[in-house]
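Below is one structure, written out as structure tokens; comments come after it.
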């Protein structure tokens, strides 16, 4: 890192900070108008975007895996869906300016707690270029300035989207020019992470390794999830057919998703009945099982799981299966080996259901439902920044609400604190309005 | 750090984690019953606590400053106030188990967003031993396990409070024994900061240097405030007598508090009228002024301020004064030099008031009121963990609400995601209940 580069980053981030103050004061109409133009620009420029994307794809042929190639690839339908996603964000209520609480502290001394944008958000993502319009829409709607860093594989696609942002800015003079900036170069992320005075939140969208390395090297708060090691526990009171269907859906409906099932815990009281039927269904769904000793005693054809399996996010059609002595062991196993993402119980027994919901320390705890429901769109949040496994700020699927914080506004009429302290102290009213 | 020490810290924090799961499932009655016993134990053991405190005081005579000595010192009245503070916490509503939102995703597929404890909170504080009972009461009420690290000056006092915790635990078998643990030794904090798998939040209560060094050396989220560089801006529309009274109260009512005024910004349109009158009031209140060039032109007797003054939290009866060209310069100065803690405008003009509230990027933004009102008790939060200048999770005075997060509970009846995708996808209802 040369001093010149350092200076550039500081300047760039100061511009983001200044832009954030302008964004924070925009009206809902100004933000929605700009978003409409952005969606229209995407619809009108699909050829231009696809051309840039083809350049990226051509340069990566043979260099990246097929799954990475698929993530990198845009098509006309995907682009129209992205535009549709922006129209959806327009229809969401403005998360800024919500009056969260009002307290009458005394006559003419009124305290309001009001939602405001977080400020400047750094988004670090890997190959998927479609992250840019999604994130920009959510950031603009919530009044946050953004600094983006994408994967180098998607460079041309990313720049093509940023060209549309410039066109939008030109059509919307109320937008501050630097509200969305794209970083370039491998050193850029490390440089940005040093400026906690200008960046308020980092959202990494990528591998566990990426998230962990970012958390270790910055004072800026980081919102993201590490692994998605999700569990289902089959309680003796489970309806067998339901339990099998939910487990199969959780594993196979989209195996590479972070909310896909990785370990199935089966109560020993029903293991002999459940496991052979489940094995048949799993085999039909092309799911490979790896079992604990007790599981293998019932299903001798499957591979034996080791300690490593309980800590693995397979991301493919492999499922670890463990027989547990009961609800308590299931909860302990999940809290010990899980990633506090999404875990469910399959049971009819109400007491077991509630004990599971309380005892499992995960962002999403489910009864008789597929782990794949853990998703911002499915939850009805309207849009999703990502799924957080953090225990502060925002947890689980994070929508627009996760991109705002609040400030306290106090309106007085010359009130001083000395009135309320000491021997003749006046009492506060503290009336909730 | 020897391996043995590492192992001890991991074990200790695992015990905290396990305890947190038990705490999270306690009823409001169980928590309030324990808190009542804790308050009574403090009331009944004042002599024992004061004896331990005297040992600390004796060992520090001549070693620490008078202000530090005063912070270290307990007396009977302080202890009874601490007990009273615990009774106040008992009367606060339980922040855990609050239903924050309910969504009917489909028939028999109901999503609830419910508040839960954060989990394990590490509290690092300096000399004040009275932090322990305050924090323990808030942590217990919010269902969080705590790991405490106090200053070595207060060792005997801290252990005396922890002895009472053991007595409380013995009388309350529903409390997990390790729900509150006190660390010892200088290496302990650094060791704890490495265990982000066991500790969910760090709250440092101490110097800016302490907070910054903790943020730099851990992946665990940190909630705290750095400096408290608070401003008032005197707008031309300000009522002069009101403005003077509010500024004097903000500076002198308790100058070492983080919400005390450090820089007064005076609009040049009223500087000639305001400053001489303010100077008289400040002099009567023993406040020493340091002014910008324009201020010194009007008040030639005061010292000239330099760039450093705008960045200084004096913590004593010194006040920096700057003449600004108008509202815009005032806002820019505050956002540039302030610590985003508490800043106010003194004005009768409504448009200026609202522009200030929107434009100033601080946790607390005030109109015609002393900056000293920025406080959890005064805001009516009932109790305060501290004041946060962070832009995520909790901002401003943080009460019990800042010690909880939420989880999503989804109750289904065998629902699978494949029903809701593909060509014949069923639509979600997403009905807010």
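Chains as they are written, first to last, in the working numbering: chain S, 748 to 1180; chain Z, 748 to 1180.
We put the CB at the ideal spot given by N, CA and C, even for glycine.
Exercise. Got a sec: is the Cβ-Cβ distance from residue 1165 of chain S to anything in chain A below 8 Å?
Worked result: The structure shown has no chain A; the protein chains it does contain are S and Z.
For this session: Can you give me, in chain order, the residues of the segment 1113–1132 of chain S that have a beta carbon less than 7 Å from any beta carbon in chain Z?
Result: Of all residues in the segment 1113–1132 of chain S, those with a C-beta nearer than 7 Å to a C-beta of chain Z are 1113, 1114, 1115, 1116, 1117, 1119, 1120, 1125, 1126, 1127, reading in chain order.
Exercise. Going along the chain, which residues of the segment 963–981 of chain S sit with their C-beta nearer than 7 Å to a C-beta in chain Z?
Worked result: Listed by position along the chain: 963, 966, 968.
Exercise. Quick one: complete alpha helix (DSSP H) runs, 4+ long, within the segment 900–943 of chain Z?
Worked result: Every alpha helix (DSSP H) stretch that sits fully inside the segment 900–943 of chain Z and reaches 4 residues is listed by chain position as 902–918, 935–940.
For this session: May I ask you to list, following chain order, the residues of the segment 1139–1164 of chain S that have a beta carbon less than 7 Å from some beta carbon of chain Z?
Result: So the close ones are 1139, 1140, 1142, 1143, 1152, 1153, 1154, 1155, 1156, 1157, 1158, 1159, 1160, 1161, 1162, 1163, 1164.
For this session: Could you say which of Z/913, Z/1152, Z/853, Z/1047 lies nearest to residue 1178 of chain Z if we only look at CA atoms?
Result: As a position in the second chain, residue 1178 of chain Z is number 431, starting the count at 1. Residue nearest to residue 1178 of chain Z within the set Z/913, Z/1152, Z/853, Z/1047 is Z/853 (criterion: CA-CA distance).
Problem set entry | Residue-chain proximity (residue 768 of chain Z, chain S), Cβ-Cβ < 8 Å | Along the second chain, one-based indexing puts residue 768 of chain Z at 21. Taking Cβ atoms only, chain S reaches closer than 8 Å to residue 768 of chain Z, which makes this a yes.
For this session: Output, in chain order, the set of chain S residues within a Cβ distance shorter than 8 Å of residue 986 of chain Z.
Result: Taking the first residue of the second chain as position 1, residue 986 of chain Z is located at position 239. Correct list: 1161.
Exercise. Below 8 Å between beta carbons: does that hold for residue 893 of chain Z and residue 946 of chain Z?
Worked result: Taking the first residue of the second chain as position 1, residue 893 of chain Z is located at position 146. Taking the first residue of the second chain as position 1, residue 946 of chain Z is located at position 199. In this structure, residue 893 of chain Z keeps its C-beta atom at 8 Å or more from the C-beta atom of residue 946 of chain Z.
Exercise. Between the segment 1096–1112 of chain S and chain Z, which residues of the former have a C-beta closer than 9 Å to a C-beta of the latter?
Worked result: Answer set for the segment 1096–1112 of chain S: 1100, 1102, 1104, 1105, 1106, 1107, 1108, 1109, 1110, 1111, 1112.
For this session: Could you say which of S/1129, S/834, S/1039, S/796 lies nearest to residue 1181 of chain S if we only look at CA atoms?
Result: Outside the shown range of chain S, which is 748 to 1180, sits residue 1181 of chain S, and nothing can be said about it.
For this session: Note the first and the last residue of the continuous alpha helix (DSSP H) segment covering residue 1040 of chain Z.
Result: As a first step, residue 1040 of chain Z must be located in the second chain, where it is residue number 293. Boundaries of the alpha helix (DSSP H) harbouring residue 1040 of chain Z: 1040–1045, taken from the DSSP string.
Exercise. In this structure, does DSSP put residue 1061 of chain S in helix, strand or coil?
Worked result: Numbered from its first residue, the first chain carries residue 1061 of chain S at position 314. Of the three classes helix, strand and coil, the one that applies to residue 1061 of chain S here is coil, per DSSP.
For this session: Please check if any C-beta of chain S sits within less than 8 Å of the C-beta of residue 989 of chain Z.
Result: Within the second chain, the letter at position 242 stands for residue 989 of chain Z. Nearest CB-CB separation between residue 989 of chain Z and chain S: below the 8 Å threshold.
Exercise. Mapping DSSP to helix, strand and coil, what is residue 771 of chain S?
Worked result: Within the first chain, residue 771 of chain S is the residue found at index 24, counting from 1. Residue 771 of chain S falls in the helix class under three-state DSSP.
Exercise. What did DSSP end up calling residue 1162 of chain Z once you bin it into helix, strand or coil?
Worked result: Along the second chain, read from residue 1 onward, the residue named residue 1162 of chain Z stands at position 415. Three-state DSSP puts residue 1162 of chain Z in a strand.
Problem set entry | Interfacial residues, the segment 840–868 of chain S to chain Z, with Cβ spacing under 7 Å | Listed in chain order, the positions of the segment 840–868 of chain S with a beta carbon within less than 7 Å of a beta carbon of chain Z are 850, 852, 856, 858, 865, 866.
Exercise. Taking the continuous beta strand (DSSP E) assigned at residue 1021 of chain Z, which residues delimit it?
Worked result: Position 274 of the second chain holds residue 1021 of chain Z. No beta strand (DSSP E) contains residue 1021 of chain Z, which is instead part of the alpha helix (DSSP H) from 1018–1031.
Exercise. What do you reckon, are the CB atoms on residue 1156 of chain S and residue 859 of chain S nearer than 8 Å?
Worked result: Walking along the first chain from the start, residue 1156 of chain S turns up at place 409. Walking along the first chain from the start, residue 859 of chain S turns up at place 112. When the beta-carbon positions are compared, residue 1156 of chain S and residue 859 of chain S come within less than 8 Å of each other.
For this session: Report the three-state DSSP secondary structure of residue 945 of chain Z (helix, strand or coil).
Result: To locate residue 945 of chain Z, count along the second chain from 1; it is residue 198. Coil, per DSSP.
For this session: Look up residue 852 of chain Z in the DSSP assignment and say whether it is helix, strand or coil.
Result: The residue labelled residue 852 of chain Z in the question sits at position 105 within the second chain. Strand at residue 852 of chain Z.
Exercise. What are the residues that DSSP puts in a beta bridge with residue 1051 of chain Z?
Worked result: Within the second chain, numbered from 1, the residue matching residue 1051 of chain Z stands at position 304. DSSP lists Z/1038 as the bridge partner or partners of residue 1051 of chain Z.
Exercise. Taking C-alpha atoms, which residue in Z/1075, Z/1136, Z/1080 lies nearest to residue 1056 of chain Z?
Worked result: Here residue 1056 of chain Z is taken as the residue at index 309 of the second chain, counted from 1. Checked all of Z/1075, Z/1136, Z/1080; the closest Cα to residue 1056 of chain Z is Z/1080.
For this session: Please decide whether residue 1171 of chain S counts as near chain Z, where near means a Cβ-Cβ distance under 8 Å.
Result: Position 424 of the first chain holds residue 1171 of chain S. Answer no: the Cβ-Cβ gap between residue 1171 of chain S and chain Z never drops below 8 Å.
Exercise. Any idea what DSSP makes of residue 1175 of chain S, helix, strand or coil?
Worked result: Position 428 of the first chain, counted from the first residue, corresponds to residue 1175 of chain S. In this structure, DSSP gives residue 1175 of chain S a state outside helix and strand, which the three-state scheme calls coil.
Exercise. Just reading off the beta strand (DSSP E) that residue 1103 of chain S is part of, what are its end residues?
Worked result: Position 356 of the first chain, counted from the first residue, corresponds to residue 1103 of chain S. Where residue 1103 of chain S is concerned, there is no enclosing beta strand (DSSP E), although the alpha helix (DSSP H) it sits in stretches over 1097–1106.
For this session: Taking only the alpha-carbon atoms, compute the straight-line gap between residue 1067 of chain Z and residue 1061 of chain Z and give it to the nearest angstrom.
Result: By one-based count along the second chain, residue 1067 of chain Z stands at place 320. By one-based count along the second chain, residue 1061 of chain Z stands at place 314. Spanning the alpha carbons of residue 1067 of chain Z and residue 1061 of chain Z requires a straight line of approximately 9 Å.
For this session: Quick one: residues in its chain with C-beta nearer than 6 Å to the C-beta of residue 815 of chain Z, no 5 flanking neighbours on either side, listed in chain order?
Result: One-based indexing of the second chain puts residue 815 of chain Z at position 68. Its chain contains 874 as the residues whose beta carbon lies nearer than 6 Å to that of residue 815 of chain Z, once the 5 sequence neighbours on both sides are disregarded; these appear in chain order.
For this session: Kindly indicate if chain S contains any beta-carbon less than 8 Å away from that of residue 996 of chain Z.
Result: On the second chain, position 249 is the one that residue 996 of chain Z refers to. Interface residue, yes.
For this session: Please name the residue in S/1012, S/977, S/1000, S/992 whose C-alpha comes closest to that of residue 983 of chain S.
Result: Sequence index remark: in the first chain, residue 983 of chain S carries index 236 (1-based). Residue nearest to residue 983 of chain S within the set S/1012, S/977, S/1000, S/992 is S/1012 (criterion: CA-CA distance).
Exercise. Whose C-alpha, out of S/1028, S/1117, S/966, S/1026, is nearest the C-alpha of residue 942 of chain S?
Worked result: The sequence position of residue 942 of chain S within the first chain is 195, counting from 1. Closest by alpha carbon: S/966.
Exercise. In its own chain, which residues sit with a C-beta less than 7 Å from the C-beta of residue 902 of chain S, not counting the 5 before and 5 after it?
Worked result: For the purposes of this step, residue 902 of chain S is taken as residue 155 along the first chain, with counting starting at 1. The answer, listed in chain order, is 803.
For this session: Please compile the residues from chain S whose C-beta is within a distance smaller than 8 Å of the C-beta of residue 1000 of chain Z.
Result: Along the second chain, read from residue 1 onward, the residue named residue 1000 of chain Z stands at position 253. Ordered by position in chain S, the residues that pass the 8 Å Cβ test against residue 1000 of chain Z are 1163, 1164, 1165, 1168.
For this session: Given a cut-off of 8 Å, decide if residue 1116 of chain S and residue 1159 of chain Z are closer than it, judged by their beta-carbon atoms.
Result: Within the second chain, residue 1159 of chain Z is the residue found at index 412, counting from 1. Within the first chain, residue 1116 of chain S is the residue found at index 369, counting from 1. Yes; because the gap between Cβ atoms is below 8 Å, this pair is in contact.
Problem set entry | Min CB distance residue 948 of chain S to chain Z below 8 Å | Counting from 1 along the first chain, the entry for residue 948 of chain S is found at position 201. The beta carbon of residue 948 of chain S sits closer than 8 Å to some beta carbon of chain Z.
Exercise. For residue 732 of chain S, which beta-bridge partners are listed by DSSP?
Worked result: Because chain S in this structure spans residues 748 to 1180, residue 732 of chain S falls outside the shown range and cannot be described.
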